[in-house]
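What follows is one structure encoded as structure tokens, with my remarks underneath.
Residue numbers (our numbering): -11 to 348.
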């Protein structure tokens, strides 16, 4: 199911980019539109949280009264929810529905990053300077916003591209395969270090020498070794060697190395993703119901789990996805503020006016 959703979201993102012309702004617009689509679920979830919150004094009284009788406590708690027509899970279900959407969006962002990285690989292997996608301080949105990653595609990012995407990229050349990939000679293999060759199966080497790069090179256990060899081919261009520091886990000589040519970012988006996640969690925390006595407080766990998770995932994934994550958090914070205002107004209108119904 996620496959066609991913493809649809990627097509939608690509359509926005075709109109806007820049991927960074397109991702922000895409994020806003996704969050707007999720607004009805957010409103339903927060309304349910508020209903549960009104029962907190009675729940605490039950916890105190039946502190030594857990079975009775559970029974009375269920009765309270039933009489108040409140489903304690109703606030969670809308949020759970957003997870498949997040996964699908992640897939769409990954598809966009992989396609753009492969385009840059093709340009490098054709002897061209790759067309980057800069955004503010980031040199290439499709690489991580991280001072320890280069702006150019490297093994760490290319190895995460699926075999199907590699073969689609290969077939896209339509007979104009870069010369660097048409011929792999025994002499070229002899220039590779032992660290590289230990990862290259002999059968793959012979296949490449006899027939060049084919779809079979990306099948099965050949995928990662083939990616290593493609990166080695890119290393034959001086402008690539000057801008990259590490490939496949081993250090390579740098020509005219400087920090300016090396880094792709300053780790700002990963940090912003964690900070905005903490701020959003605190903003939402006031409406979260407290757990019953003796039950684990998952709220405190989630308060730190999601910021650390967002920091970890944004450090190693493309800056484009980190940008989506930060923009999504900021939009969610704005939505939370407006939804709370809306629900406050709704509750005030529904509240009985003082003295209403009294006999004069």
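For glycine and all other residues, C-beta sits at the position ideal for the given N, C-alpha and C. Computed from a prediction, not measured in an experiment: that's the story for all the values here.
Inset, instruction - For the alpha helix (DSSP H) holding residue 42, just list the boundary residues, first then last. - result: Unbroken alpha helix (DSSP H) run through residue 42: 27 to 42.
Inset, instruction - Within the same chain, show all residues whose beta-carbon is closer than 8 angstroms to that of residue 187, passing over the 5 residues directly before and after it, in chain order. - result: Correct list, in chain order: 212, 213, 216, 236.
Legend entry - Alpha carbon of residue 294 to alpha carbon of residue 303, nearest angstrom: Rounded to the nearest angstrom, the two C-alpha atoms are 14 angstroms apart.
Legend entry - Through-space distance from residue 134 to residue 254, alpha-carbon basis: Note on geometry: alpha-carbon atoms of residue 254 and residue 134 lie some 5 angstroms from one another.
Inset, instruction - Tell me whether residue 123 sits in a helix, a strand or coil according to DSSP, three-state version. - result: Three-state result, residue 123: strand.
Legend entry - Assigned secondary structure, residue 57 (DSSP; H/G/I helix, E/B strand, else coil): DSSP places residue 57 outside both helix and strand once states are collapsed to three, so it counts as coil.
Legend entry - Reduced DSSP secondary structure (H/G/I, E/B, other) of residue 23: Secondary structure of residue 23 (DSSP, three-state): helix.
Inset, instruction - Measure the Cβ-Cβ separation of residue 307 and residue 162 and say whether it is below 9 angstroms. - result: Note that the C-beta distance between residue 307 and residue 162 is not below 9 angstroms.
Inset, instruction - Determine the closest residue to residue 89 out of -2, 46, 219, with distance taken between C-alpha atoms. - result: Minimum Cα distance to residue 89 is reached at -2.
Legend entry - Where residue 13 falls, given that 16 or more other Cβ within 10 Å makes a residue buried: Answer is exposed; the Cβ neighbour count stays below 16.
Inset, instruction - Give me the Cα-Cα distance between residue 205 and residue 192, rounded to the nearest whole angstrom. - result: If I take the Cα positions, the gap works out to 7 angstroms.
Inset, instruction - Note down the Cα distance separating residue 43 from residue 24, rounded to an integer number of angstroms. - result: So the two alpha carbons sit approximately 30 angstroms from each other.
Inset, instruction - State the DSSP-derived secondary structure class of residue 312, mapped to helix, strand or coil. - result: Three-state result, residue 312: helix.
Legend entry - the segment 16 to 33 contacting the segment 311 to 330, beta-carbon criterion three pairs below 8 angstroms: Using a Cβ-Cβ distance cut-off of 8 angstroms, the segment 16 to 33 and the segment 311 to 330 are in contact, since at least three pairs of beta carbons, one from each stretch, lie closer than that value.
Inset, instruction - Could you please give the first and the last residue of the uninterrupted alpha helix (DSSP H) stretch that includes residue 154? - result: Per DSSP, residue 154 is one residue of the alpha helix (DSSP H) stretching across 151 to 159.
Legend entry - From 126, 170, 148, residue whose alpha carbon lies closest to that of residue 158: Distance check between residue 158 and each of 126, 170, 148 places 170 closest, using alpha-carbon atoms only.
Inset, instruction - Look at residue 96 and residue 1 and say whether their C-beta atoms are less than 9 angstroms apart. - result: Annotated as proximal: residue 96 and residue 1, with beta-carbon spacing under 9 angstroms.
Legend entry - residue 133 - DSSP class collapsed to helix/strand/coil: In the three-state reduction of the DSSP assignment, residue 133 falls in the coil class.
Inset, instruction - Determine the DSSP secondary structure at residue 266, reduced to helix, strand or coil. - result: Helix.
Legend entry - Exposed unless 16 or more other CB atoms sit within 10 angstroms - verdict on residue 91: The residue is exposed, with fewer than 16 neighbouring Cβ atoms inside 10 Å.
Legend entry - From 120, 301, 263, residue whose alpha carbon lies closest to that of residue 98: Looking at the Cα atoms, 301 is the closest of the given residues.
Legend entry - Contacting residues, own chain, Cβ-Cβ under 6 angstroms from residue 299 (five flanking each side not counted): 258, 262.
Legend entry - Rounded C-alpha distance that separates residue 190 from residue 272: When rounded, the distance between both Cα atoms is 57 angstroms.
Inset, instruction - List the whole-angstrom C-beta distance separating residue 108 from residue 118, where the pair is believed to meet the contact cut-off of C-beta under 8 angstroms. - result: Right, the Cβ-Cβ distance comes to about 4 angstroms (below 8 angstroms), so this counts as a contact.
Inset, instruction - For the alpha helix (DSSP H) holding residue 199, just list the boundary residues, first then last. - result: Going by DSSP, residue 199 is part of the alpha helix (DSSP H) stretching over 190 to 199.
Legend entry - Counted within 10 angstroms of its Cβ, other Cβ atoms place residue -4 as buried (16 or more) or exposed: Flag for residue -4 reads exposed.
Legend entry - Cutoff 7 angstroms; reference residue 4; Cβ partners in own chain excluding five residues on either side: So the list reads 14, 17, 18, once near-sequence residues are dropped.
Inset, instruction - With a threshold of 16 other CB atoms inside 10 Å of the CB of residue 28, please say whether the residue is buried or exposed. - result: Counting every other CB atom within 10 Å of its CB across the protein chains shown gives residue 28 a total below 16, marking it as exposed.
Inset, instruction - Starting from the C-beta of residue 146, find all residues in its chain whose C-beta is less than 6 angstroms away, skip the five residues before and the five after it, and write them out in chain order. - result: Shown here for residue 146: same chain residues with a beta carbon closer than 6 angstroms to its own, the five before and five after excluded, namely 215 in chain order.
Inset, instruction - Would you verify that the beta carbon of residue 161 is, or is not, closer than 9 angstroms to some beta carbon of chain B? - result: Any reference to chain B falls outside this structure, which holds one protein chain only.
Legend entry - Length of the line joining the Cα atoms of residue 65 and residue 337: Rounded to the nearest angstrom, the two C-alpha atoms are 29 angstroms apart.
Legend entry - Check whether residue 72 and residue 331 have beta carbons under 9 angstroms apart: Pairing residue 72 with residue 331 gives a Cβ-Cβ distance that is not under 9 angstroms.
Legend entry - Exposure label - residue 45; buried when at least 16 CB within 10 Å: Burial check for residue 45: the Cβ neighbour count within 10 Å stays below 16, so the residue is exposed.
Legend entry - Closest Cα partner of residue 316 within the set 200, 57, 265, 40: The residue among 200, 57, 265, 40 with its C-alpha nearest the C-alpha of residue 316 is 265.
Inset, instruction - Have a look at 39, 37, 62 and flag the residue whose alpha-carbon is nearest the alpha-carbon of residue 49. - result: Its Cα nearest to that of residue 49, the residue 62 stands out among 39, 37, 62.
Legend entry - Alpha carbon of residue 243 to alpha carbon of residue 224, nearest angstrom: Any answer about residue 243 is weak, because its pLDDT of 41 lies below 50 and its placement is not dependable; what the coordinates show is given next. Counting only the Cα atoms, residue 224 lies some 12 angstroms from residue 243.
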